[in-house]
Each structure stands twice: as C-alpha cells, then as structure tokens.
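Take any residue in the sequence shown, count from 1 to its spot, add 1: that is its number in my numbering.
The beta carbon of each residue, even a glycine, is placed where N, CA and C say it ideally should be.
Have a look at the structure below before the remarks.
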Amino acid sequence: MESSTLPKQIRETKVLVLYTGGTIGMKKTDGGYQPKSGHLQTQIKRLPMLYDEDYTKIEPKGSLKSFSCDNAASTSQLEELAMPISAHGVRVLYYIKEYFPLKDSSNMTIGDWVEIALDIKDNYSRYDGFVVIHGTDTMAYSVSALSFMLENLGKSVIFTGSQVPIYEQRNDGRDNLLGALVIAGHYIIPEVTLFFAGYLYRGNHSTKVSAGSFDAFASPNLPPLVTMKVNIEVQWDAIFRSNSVNKFTVCSNMNPNIGLLRLFPGITSETVQAFLKPPMLGVVLQTYGCGNAPNNREDIISEIKKATRRGVLIVNCTQCLHGPVVDQYATGKGADVNATTDYDGRTPLHIACVEGNTEAVEFLLAKGAITQVRDRFKCSPLDDAIKFRHKEIVKTLRKAGAQLMKSSMETAVELCRLAAKNRVDDLLVWQFAGADFNASDYDKRTPLHVAVCRNNVETVAFLLEHGVNPYLRDVFGSTPMDNAKSYELHNIIDMLDGYCGLKKFNKISTSSKKSLKTLPECGENDGIVVTTGGSEKCAVPSSTKHLPSTTAGKQTMQSTSSSDAADGDVALNRRSFHAQLSRSFFQSRSSSSSSVDGGSSSPSKSRLGTVPVEDPITHENVVNSKVLLLYTGGALGWKVDPNLEGFHLDKKHVLKELKKLPMMHDVEYVDYILSNVLDDIPEEGIGSDTIVMPVSKYGKRVFVDVLEMKESHVVVHSKDQDIHDWINIALQIKECYEKYHGFVILHGTDTMAYLASALSFMFENLGKSYALSDHLNDGRQNLLGALMIAGHYVIPEVTLFFHGKLYRGNRALKVDARRFGAFDSPNCPPLATVEAGIEVEWEELFYENQARKFEIHTKMSSSIGVLRIFPGITQEAVHAFLEPPIEGVVLETYGSGNGPDSRKELLEEIRAAAKRGVIIVNCTQCLYGHVVDSYATGRFSLRDNELIDAVASHFKVGSTEEVRFIKQALFPVLMCHAAGRGDIDAMEDLRQQGGLLSAATSHDGRTPIHVACLEGQLQVIRYLLEKGASPHVFDNHGQTPLHDAIRSNNEEAILLLREFGAHLGPTTVNTALEICSLAADDKVDRLRAWHLAGVDFNVGDYDRRTALHVAVCRNNVNTVKFLLECGVDLNSRDLYGFTPLKNAEIFENREMMKLLQSAAEKTNDAVDQ
2 MESSTLPKQI
12 RETKVLVLYT
22 GGTIGMKKTD
32 GGYQPKSGHL
42 QTQIKRLPML
52 YDEDYTKIEP
62 KGSLKSFSCD
72 NAASTSQLEE
82 LAMPISAHGV
92 RVLYYIKEYF
102 PLKDSSNMTI
112 GDWVEIALDI
122 KDNYSRYDGF
132 VVIHGTDTMA
142 YSVSALSFML
152 ENLGKSVIFT
162 GSQVPIYEQR
172 NDGRDNLLGA
182 LVIAGHYIIP
192 EVTLFFAGYL
202 YRGNHSTKVS
212 AGSFDAFASP
222 NLPPLVTMKV
232 NIEVQWDAIF
242 RSNSVNKFTV
252 CSNMNPNIGL
262 LRLFPGITSE
272 TVQAFLKPPM
282 LGVVLQTYGC
292 GNAPNNREDI
302 ISEIKKATRR
312 GVLIVNCTQC
322 LHGPVVDQYA
332 TGKGADVNAT
342 TDYDGRTPLH
352 IACVEGNTEA
362 VEFLLAKGAI
372 TQVRDRFKCS
382 PLDDAIKFRH
392 KEIVKTLRKA
402 GAQLMKSSME
412 TAVELCRLAA
422 KNRVDDLLVW
432 QFAGADFNAS
442 DYDKRTPLHV
452 AVCRNNVETV
462 AFLLEHGVNP
472 YLRDVFGSTP
482 MDNAKSYELH
492 NIIDMLDGYC
502 GLKKFNKIST
512 SSKKSLKTLP
522 ECGENDGIVV
532 TTGGSEKCAV
542 PSSTKHLPST
552 TAGKQTMQST
562 SSSDAADGDV
572 ALNRRSFHAQ
582 LSRSFFQSRS
592 SSSSSVDGGS
602 SSPSKSRLGT
612 VPVEDPITHE
622 NVVNSKVLLL
632 YTGGALGWKV
642 DPNLEGFHLD
652 KKHVLKELKK
662 LPMMHDVEYV
672 DYILSNVLDD
682 IPEEGIGSDT
692 IVMPVSKYGK
702 RVFVDVLEMK
712 ESHVVVHSKD
722 QDIHDWINIA
732 LQIKECYEKY
742 HGFVILHGTD
752 TMAYLASALS
762 FMFENLGKSY
772 ALSDHLNDGR
782 QNLLGALMIA
792 GHYVIPEVTL
802 FFHGKLYRGN
812 RALKVDARRF
822 GAFDSPNCPP
832 LATVEAGIEV
842 EWEELFYENQ
852 ARKFEIHTKM
862 SSSIGVLRIF
872 PGITQEAVHA
882 FLEPPIEGVV
892 LETYGSGNGP
902 DSRKELLEEI
912 RAAAKRGVII
922 VNCTQCLYGH
932 VVDSYATGRF
942 SLRDNELIDA
952 VASHFKVGST
962 EEVRFIKQAL
972 FPVLMCHAAG
982 RGDIDAMEDL
992 RQQGGLLSAA
1002 TSHDGRTPIH
1012 VACLEGQLQV
1022 IRYLLEKGAS
1032 PHVFDNHGQT
1042 PLHDAIRSNN
1052 EEAILLLREF
1062 GAHLGPTTVN
1072 TALEICSLAA
1082 DDKVDRLRAW
1092 HLAGVDFNVG
1102 DYDRRTALHV
1112 AVCRNNVNTV
1122 KFLLECGVDL
1132 NSRDLYGFTP
1142 LKNAEIFENR
1152 EMMKLLQSAA
1162 EKTNDAVDQ
C-alpha cells in the first residue's frame, strides 16, 4: 500500500537507523559472539512489531548522499522498513544503514564517533529522528561524546542496543529497538539520549552499571527523561531545549590526549607524575566521597599543580556512583583542581527539609519554591521532613499547600509499620502531614488493626483520639474490635467501646487488674508469667495457637517493684512484657541466636560465650561481652571550624559524644556499679574510656572500650590514610585479639571500602567479628548496629556495616557521596540485616580453619594503580602509566571484561609490562556483573600464551608449588568456560595439568559444576561429580549448584545432584518468600523443581504463611493440588492463627474447601491405618 492511499489521520515519520555493530545483531560462532553483515535486518523482518509485511517500498536510488561508504549496497538504496500503525495514528518508516565493517563496541575510537556525527549531519534534513544501534560496552562513552559534538540539536538522537542477540529466544533487543524507534518517530526530544530496558536517559548522565542484567544502564544522578511502561511518560520539564536559533552543526575536533586517574590510599607520586606528563592535556581526577583529596600528600598535590600550570585541564569527580562534588569539608578544598557538581533531582527545598533548617524553608517558600516537586527517588520535600521528624517544617509546608504525594497504600504500609513498633511520635508527624489513618495496606489492614494485635495501647489511644474508625474490616473480614476480642485484650476493648478512648483508658489503667490471654509474638510452647500491676499474676497458656513457636523454654518476668504498684505499673509491665516477647519472637525467626536461658542453635555454638549473670538493673540473666572500638577518623569526632571554613577533627571528642547517647551508654548501670561492690563486675572493670551499652532484648550487655588511633598524636582523616595506617590498625587488632569478643572501627566513609578490603586480605585465620562503620547524621544507627553485631555474634570476617546492612569487606564500595545508604555490595548479598531484628545469613559466612593461630600480613606494595580503558585512549598514556616502578595494575575494561583487540599497540604495551613482572588484573567497569569471555573481544588477555609466560616469568617459577599457584589463578576460569560449553575433553586436559574441578573463580566464586548446572550440561555434571567435585560449594551469591539447577528448571540435573548427596539445608524465611511468590503466581513447574531439591513447603514467611495459605487465598487450584500431593501440613497456622482451610472458609471458596477437606480425610485415614 502506497503512502498516498493512507487515511488522512495516519501520520508518517521517517527515522534513520545507523547500525554500527553490537551484540543485538551478533551471531554465535566457535570464537564467541561476532558481528555478521545483514544478519540484523534479516532477524528484524521476522518480528511483526518491527516489520509490517503488508507495507513495503524502496527508497529511491541515490537519495541518501551520505551513504558513500565501503559497503557498495548502501550507496545505491536502502530498504524501507515499516512499523505497524501505532495507537497514536503514527506509522514509523525507518531505514537501516549498516556500517562496514561492523564493530564490536570495545574497538570504538574517536574516529568512529566523528563518522556517526557526520552521518547525522549529512542526513539531518531528511529524517524526523535518528537511532544509533551500538554495542553496550562503550555506548555510554559514545552517547556522552556525541551529546557535546552535536550542537544546536533540534531532533531526537537515540542510542540503543542489547545484552543478548536479537535472534535468541530470550533477548532484550526487540524491546530496546522497538522503544527507541517509537520515541524517535513520535516525539521530538532534542537531545542525544540512551534507551534501554524501558527508560530513556540523558546521554551524558548515563553509565553502564551491569554486565549481566537487562537493566544494564542507569542515570544515577538524574531521573529518566522517558519511562515506557503501559503508557509512555515523558518528563517534558526535564528535557533540554536550546534557546538559540543557530543552525545545527557538528564539532568534530577531538583531542585524544586525555585520561582518568583514580586516587586510592597509598598511591605514589611517581604514578601520578607518570600519568600527568606530556602529551597529557586533560584528566578526570576521581577523588573520594564528595570530592575529597589527601591534603597531607604534598607530593601528589605538587604534581597536580605542575600539570595545571602546563595547561592540563583537570576535572574533579567523585568515585561514588551517586552524589556530586562539594566543598563542605576543608579537606575537599586541598587540591588545586576545577571542581564540577552533578544533578540528582533534588531541589534546595529538599535539602533544607532534610537538614531541618526552618528559616531556609520559609525563605525558599517565600521566593516561590515548589512544594510538590519529586526527586529521582520520588520523594517530595514533605516526605523528607516526615522522614527526619521535623514537625515544624511539616506544618510550614502544609500551610504552603504541600500534600502527600505517595499512594494511599504506600502511606498505609508505612503507618502500619510505625503502629507495629508503637512509634506514636512518628505517627504524630504523619498526622501533621495530613495522613489518612483509615488508609489500608495490601491486606486491607489499617494501623489500628496492627496496633491492636500488638497490644500497643499508646498507639491505639492515639489513633482513636484522631478519629480512626475501629470498625473497618481487613481482607479476612475482621475489625480491630474483632482482633481485640479474639485476644481478649480487655483494656483495648474498653477503649474501642468508649471510642474517645484516652480518658477511659486512664481510669482503667489505675484500677483494672485484667489479664492478657494471648498475644501475637508468643510461642505455643512458652509458659510466660506476666505481672499486670500489684502482685496479681496470670499465666499465658502453653497451648496458644495464634503465635509463632520459639526455642526458648519457660520465661518469667516481674515488674521492677511488684509490691509498690502505681499508676505507671501497667505501662511499665507492658514494655517489659513486650521486650521479652520480642526476644522470643527473634529467637523463633533467627537460626543464629542462642536462648537467653541456655538453649542454643548450631551457628551460635562457636560464639565466645560467658556465664550469664543477674543484671543489677534489669534483674535478668544477661551475658556480658567486650568490644574494642577503634576511632580512626570520621564525622563523629569532627567540629565546625569557622576560621578554616569547614569541618576538622577534634581529639578526645568521640568518647564524650558517645556517653551522651542513652542507647550507647547506660549511665544508671555505671553509677550503680561504681557505687556498689558487686561480684559480677567485669574483671577489667569500667574504665574512663569505657561505655556500657544497655541490656539488649537478646539478653546481652556489651562493654565497649574506646581507643583513638593516632598518628603523631593527631587522629587520621580517612582520605589521608595510606598503607602504613592500615598496618597500624592491623597490629592494634592483633595486640588486643585475645582480650575482646569483637572489634569495630569507626572510620571515615571516603576510604572505608579500601580499608575493609585491605584488612580482609591482611588477616588470616580470623575468628572474631570485625566491622567498620561511620558516624554521620545516621551514625547512631550505624555505630549501634556495628556494636550490636560485634558484641552478639561471631562473624569471622572483616565486614562493613552501614545503613542497616553488614557487607563483606572486600565486596563493598561507596556508591553515594551524599545519602545515608552510601555503601553497597553489588555482587554479594549482605551478610546481616538489622531492622526490627537482626537477621544473619549464616550460610553466607566464610569460616577459616580456626584451629590455626590468627596472623596478619604486613608486607604491602604501594606501586600499584588503576588504569581505565576508554575509546580513544592513547598508547602514550598507557605506556606512561605502566612504566616502572609500577608493580601491579587493575585494568578496568568494558562490559564483561572486553578490551579493544583491534588496538594492537595497547596490547603490546600490556604484554611488555607483564613480561617485566607487572601483575595485571582484568576488572569490569560496571558496578554489577563480572568478567566473562562470551565475546571474541573479551578474550584478548587469555588467547595468547605469552600472558601465561609473562605471569610465570614474574613469579620466577622454579618449583612445582609455584606452578600450582599460577594454575590456581588461571585454570578455574578456563575450566568454567569449558563446563559451560560441555567440553569434557578440555576439562580433562586441564585437570591432568593440575586444575582443580572444585576451584572457584576469583570474581564470583563459581565453580565448573555451578556453570554446568545452569547451562544444563548433564554429562559434565556427572563427570564432575564422579571426579569428586563438591555439590555443596557456595558461590559468592550464596548459591549452590543445586540452586542453579532449580533456576534453570532442570529436573534431571536436580535428581543427579541429589543422587550424589546435594541438599538445600534448612529452609529459611527468604526461601519461603520465594516459594510463596511462586505459589501466588501459580508456577507449578518451578515449585516442582524446588520440591525435587528437597525444600520444606511447611516453612512460612514473616507472617508464618506457607505456600498453601497463599495459593488458597489466590484460588490457584493447580498449585494447591500439587502442594497437597507433596504432603504439606494442612493444619499449619499463620501468625494470626489461620489454617489454609480457614482461609478458604473466609473467602467462601467451596471448591477449595472441598479439596482441602478431602485431603485432610485421606491424611486422617492414613494415620488411623
């Protein structure tokens, strides 16, 4: 059909697609994925969403004058491809110019950028928009470069590509190309942008963050310009539009003499000098945190100043993924560089609300600041004020017209969480913000439901005072009154009946001696004795069925003075009672904690314990532990210095500040101990440098000795630390190792990740907890969490605790320079999480052979560096960086470890350095993912035996032990690659040369059997198992080969592994959550795989709801039948006492009731027989 016959309402737009290469059009060969001419267009024609077969025509010959390239076919004509007519009445016609030769993006150069820009210029007037198909490895570099090269742009230029070739069954290429074409053909967004995984990002704000995920790109400090979901949402206010009428032009004059220099503790002046010497003309200087550089390193600062005097342009950039460069710290002003800042979507009003600066808020509002603006995290200024409990600012914003922008359900979930924790003050802040306390969560439960079930009397009184309806029903048809009657909570019943509640409760609390029959959080095996005022006691029946079971035995609680009951006794006893219940509930959920009364669980048996003693304040049996807190620097010891316009360290400040905090220092206990002669005083006593923490709900009191690390009597700032400071810290730990149960370092965030990683390799046979933390505005929680973990558990690793998460030290890095969640461990899950309770992932922990003595390594080399490869990097820059005295280099390559194999001169420089003995480690530039060799370009460092020879030369191999060392470093990678291909011959060859079948790769801890299970290579799996490979080994993500077989849904692989003894271990709450999610989605096949692997379907989630509960409520009959076939417990009760049958009755699902009753009868008959 010709365009002239189209209805008038149909609009046609033309898009030119420049296909430069990339994974999207690659084809798999024996040498890996490689580009193939014509392959992409052939695949596109098979996709109806990209190609309308009923509409075809050919662009007239010679109409595209720019297409005078080496590909002869392109000079004559381009085939017109037509997309189906969209819902907006637009048909996008697009024409693909395929470059010759097609390039792997790892080989992109400045010349290629210029060619792309000139093609756009030459065809600018002929097309409505442009799409550039590009490989993902260097796409962020190219899109950023063109954003500066294309001046006065008035049309859409969109880069896209894919992680998986478009011909594969599972690929991201279809949606990425479709989205880019739709946006380019429907909208005018006059910027150079990048479209990936449903989001359109500003080109010069995007970066590749994952080498192995479809969500490969992000724009950390700027929200997406377009979001493509069910609808296409364009953020028109964020789009840049030129205010000039100048003609579109291309700036093609590019300078290759630039580089990136990453600072790290201990970097030598020789390395900096070599990198900055001519012909270098421009450098991006990656500094710590908010742009801080070591101002005590005059040698480095001198080299930077010399370079700037020669005309070298130096731009200061943070190493963090999130946050800009600022000059808040005096140390951040030490380097004489040109600082730049970045944009994260937050306004001055956001910042003023976070800081609690009422005057600034009032000023901004008076000047017309918008209250309804959201940052990239979808937080408004009002949300920030609520989060930081700034009541007056909340009131001020409300007067200015601010409204809550979160959905009703999002608000309700937060209110319910606070109600469960009895946080009345926080609820009051939400009340000032205009929150609707009658809003309900996903189970239609209101905050009042939750507060009643937790017996949180203060919260119930508050909610009733503010007009909450006590007769709203949840998904099970229960009102808060029903919940109160079910648990016989007489005080709350009277409050709800009175409806005003508060006055009547005050009368009840002084006269009523009624008992609590049952409460959620009490175990069915607990016999808890409760004092409710005076001397009257009532026992909680041990047959309680509504509550989670615990491992604790009988527990007894008394009020502080049972003989002197007063008006406050009820509230006091309630708090004491809830503390005991919380402890029991934690023990029921955590496989790690030992019972206060002597019960234990296997992981905690290795904990260094002490004999429980009666605490003189709480009169409970508690266990005391000692922790050493080393202060090396950080915000806790800092003060504002008006004369120097910044923050500076103040000695002797840490201990004083900690003793002010009641959650850190129990003044009552210390005064009592010092004024009484007791037998249970710790043998070291309570010194002047000791803080004593209150007894935790887990029955422990932690004694903390505070020691300030000094260097020439001055506390060291983290950005000024070097290798010698690391050694001093390690030696201090060794000196005190036998004296303490655990260690915490209070350290500045700028170089915390470097220190944690270094110490993790310096310490050998570590048998105690060693955590690093910092103290910012969120520091109370950071330090408190670190001390709690170090004093309560033995986690024998060097770890980093921040924002409620405990990370493995050598897997953590700082990703945000401004926010509380400053650290992350992108490729390794947290080892522990501190929220309402402490959840330790015991199966994730690494246990050394603790029979060997703890030792430290202090021999360190400072002649190392980080060399980041980028398109256009010059041979001179690489040569200068690798010159002596450099001894080791981390080589940051593209994507999955791909290097430019077409740049022979760079490879020669790397090989020459390796022959001199320089150790070179290949590392991806992405935040997520690891180095693999799926692409031909990714093998440049392994393909040539010269590299192995160079490594052998470096180690001066003269013994079989040294040969074994080299093979252990290189063979696991080769072995895993062969396992994935199913190449048993190659694996056997490697094994006979000394390769270990269970050896893990260094980057992700995966072994050949992991890879074989994921790829479904049954013959390889059997070969490995028969040769002695362990089926129990964990990779760095905590996954065993059995998990990989489940993930690939390969039942044969699962059965084979089980035949050789593989097992999942105890089913955890996290596993139960995954099982319940599958049950909710009715995914029987995936559930069957878990069943074959040995999962326990009777383990519940955080509400003790099992997969059967969830499937019944979702009316997923197939899943219910499958679970019944597996013999699940029909009588399992959730946190509120409901069985699956009760759920079916509530929803009046007769078919489900009949199914469950029939299964119950069969079970009873089997028991009778």
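In whole angstroms, what is the alpha-carbon distance linking Ala434 and Ile387? As a first step, residue 434 must be located in the sequence shown, where it is residue number 433. As a first step, residue 387 must be located in the sequence shown, where it is residue number 386. C-alpha separation (whole angstroms): 8 Å.
Give the secondary structure of Val91 by DSSP, where H, G and I count as helix, E and B as strand, and everything else as coil. Taking the sequence shown and counting its residues from 1, one reaches residue 91 at position 90. DSSP places Val91 in strand when its eight states are reduced to three.
So the beta strand (DSSP E) Phe160 belongs to, where does it begin and stop? Taking the sequence shown and counting its residues from 1, one reaches residue 160 at position 159. In the DSSP assignment, Phe160 falls within the unbroken beta strand (DSSP E) covering 157-161.
Suppose contacts are defined by Cβ-Cβ distances below 8 Å. Is Ser163 in contact with Gly174 by that definition? Working through the sequence shown from its first residue, we reach residue 163 at position 162. Working through the sequence shown from its first residue, we reach residue 174 at position 173. Result yes, Cβ atoms of Ser163 and Gly174 sit closer than 8 Å.
State the Cα-Cα distance for the pair Thr319 and Asp721, rounded to the nearest angstrom. The count along the sequence shown starts at 1 and reaches residue 319 at position 318. The count along the sequence shown starts at 1 and reaches residue 721 at position 720. Straight-line Cα distance between these residues: approximately 16 Å.
Does the structure place the stretch 748-762 close enough to the stretch 880-898 that three or more beta carbon pairs sit under 8 Å? Too few Cβ pairs lie closer than 8 Å, so no.
Mark Ile190 as exposed unless 16 or more other C-beta atoms lie within 10 angstroms of its C-beta, in which case mark it buried. Translated into the one-based positions of the sequence shown, residue 190 becomes position 189. That one is buried.
Nearest to Asp475 (by Cα), restricted to the options Lys445, Asn1165, Ala452: By one-based count along the sequence shown, residue 475 stands at place 474. Nearest of Lys445, Asn1165, Ala452 to Asp475, Cα basis: Lys445.
Going by alpha carbons, who is nearest to Ala818 out of Pro221, Val132, Ile117? Against the sequence shown, residue 818 aligns to sequence position 817. Ranking Pro221, Val132, Ile117 by Cα distance to Ala818 puts Pro221 first.
Span of the alpha helix (DSSP H) holding Glu81? As a working mapping, residue 81 is identified with position 80 in the sequence shown. Here Glu81 belongs to no alpha helix (DSSP H); instead the beta strand (DSSP E) covers 80-83.
Can you have a look at Tyr895 and say buried or exposed, based on whether 16 or more other CB atoms are within 10 angstroms of its CB? If you number the sequence shown from 1, residue 895 lands on position 894. Answer is buried; the Cβ neighbour count reaches 16.
Report the three-state DSSP secondary structure of Ile240 (helix, strand or coil). The count along the sequence shown starts at 1 and reaches residue 240 at position 239. Residue state, collapsed to three classes: coil.
Going straight from the alpha carbon of Lys396 to that of Pro382, what length do you get? As a first step, residue 396 is located in the sequence shown; it is residue number 395 there, counting from the start. As a first step, residue 382 is located in the sequence shown; it is residue number 381 there, counting from the start. Rounded to whole angstroms, Lys396 and Pro382 show a C-alpha spacing of 12 Å.
Delimiting residues of the beta strand (DSSP E) encompassing Thr30: Along the sequence shown, read from residue 1 onward, the residue named residue 30 stands at position 29. Counting along the chain, the unbroken beta strand (DSSP E) around Thr30 starts and ends at 27-30.
For Asn177 and Gln170, the rounded distance between their alpha carbons: On the sequence shown, position 169 is the one that residue 170 refers to. On the sequence shown, position 176 is the one that residue 177 refers to. The straight-line gap from Cα to Cα measures roughly 15 Å.
For Asp385, which beta-bridge partners are listed by DSSP? The residue given as residue 385 occupies position 384 in the sequence shown. In DSSP, Asp385 forms no bridge with anything.
Would you mind reading off the limits of the alpha helix (DSSP H) that contains Ser1? Any property of residue 1 remains undetermined from this structure, which presents the chain solely from 2 to 1170.
Taking its Cβ as the centre, do 16 or more other Cβ atoms sit within 10 Å of Lys98, making it buried, or is it exposed? Taking the first residue of the sequence shown as position 1, residue 98 is located at position 97. Buried: at least 16 other Cβ atoms inside 10 Å.
Using the Cα positions of Glu116 and Thr21, report the straight-line distance between them to the nearest angstrom. As a first step, residue 116 must be located in the sequence shown, where it is residue number 115. As a first step, residue 21 must be located in the sequence shown, where it is residue number 20. Between the alpha carbons of Glu116 and Thr21 lies a gap of roughly 10 Å.
Whole runs of the beta strand (DSSP E) within the stretch 134-201, excluding any shorter than 3 residues: Whole beta strand (DSSP E) segments, 3+ residues: 157-161, 193-197.
Residue from Phe463, Leu868, Arg298 with nearest C-alpha to Val919: Here the question's residue 919 lines up with position 918 in the sequence shown. Among Phe463, Leu868, Arg298, the Cα nearest to that of Val919 belongs to Leu868.
Give a yes or no on whether the C-beta atoms belonging to Val91 and Gly186 are separated by under 8 Å. Position 90 of the sequence shown, counted from the first residue, corresponds to residue 91. Position 185 of the sequence shown, counted from the first residue, corresponds to residue 186. Their beta carbons are under 8 Å apart, which means Val91 touches Gly186 by this criterion.
Check Ile1147 in the structure and name its three-state DSSP category. Residue 1147 sits at position 1146 when you count from the first residue of the sequence shown. DSSP places Ile1147 in helix when its eight states are reduced to three.
Determine the closest residue to His931 out of Cys829, Phe1139, Trp843, with distance taken between C-alpha atoms. The count along the sequence shown starts at 1 and reaches residue 931 at position 930. For the set Cys829, Phe1139, Trp843, the Cα lying nearest the Cα of His931 is the one of Cys829.
Could you compute how far the alpha carbon of Gly130 sits from the alpha carbon of Leu416? On the sequence shown, residue 130 is found 129 positions in, with the first residue counted as 1. On the sequence shown, residue 416 is found 415 positions in, with the first residue counted as 1. Taking the straight line joining both Cα atoms gives about 47 Å.
So for Pro36, helix, strand or coil by DSSP? Locating residue 36 in the sequence shown gives position 35, where the first residue counts as 1. In this structure, Pro36 counts as strand in the three-state DSSP scheme.
Where does Leu1065 fall in DSSP's three states? Numbered from 1 along the sequence shown, position 1064 holds the residue referred to as residue 1065. Residue state, collapsed to three classes: coil.
Across the stretch 223-241 and the stretch 125-143, are there enough close Cβ pairs to call them in contact, namely three or more that are closer than 8 Å? Contact between the stretch 223-241 and the stretch 125-143 is absent, because fewer than three Cβ pairs lie under 8 Å.
Considering only the alpha carbon of each residue, which of Tyr168, Gly1138, Glu1126 lies closest to Leu1157? Locating residue 1157 in the sequence shown gives position 1156, where the first residue counts as 1. Of the candidates Tyr168, Gly1138, Glu1126, the one whose C-alpha sits nearest the C-alpha of Leu1157 is Glu1126.
For the alpha helix (DSSP H) holding Met229, just list the boundary residues, first then last. One-based indexing of the sequence shown puts residue 229 at position 228. Where Met229 is concerned, there is no enclosing alpha helix (DSSP H), although the beta strand (DSSP E) it sits in stretches over 227-229.
With DSSP collapsed to three states, give me the class of Lys860. Counted from its first residue, the sequence shown places residue 860 at position 859. Of the three classes helix, strand and coil, the one that applies to Lys860 here is coil, per DSSP.
DSSP on Leu314, reduced to helix/strand/coil? By one-based count along the sequence shown, residue 314 stands at place 313. In the three-state scheme derived from DSSP, where H, G and I count as helix and E and B as strand, Leu314 is classed as strand.
Just curious, the alpha helix (DSSP H) that Thr1120 is in, first and last residue? Within the sequence shown, numbered from 1, the residue matching residue 1120 stands at position 1119. It spans 1118-1126 - the alpha helix (DSSP H) in which Thr1120 sits, taken as one unbroken run.
Taking only three categories from DSSP, how would you classify Ile692? Here the question's residue 692 lines up with position 691 in the sequence shown. Note: Ile692 maps to strand in three-state DSSP.
Neighbourhood of Asp442 by C-beta distance below 8 Å, restricted to the same chain and skipping five residues each side: For this step, residue 442 is matched to residue 441 along the sequence shown. Cβ contact annotation for Asp442 (same chain, cutoff 8 Å, sequence separation greater than five): Met410, Ala413, Val414, Cys417, in chain order.
DSSP three-state call for Gln42: helix, strand or coil? Taking the first residue of the sequence shown as 1, we reach residue 42 at position 41. Of the three classes helix, strand and coil, the one that applies to Gln42 here is helix, per DSSP.
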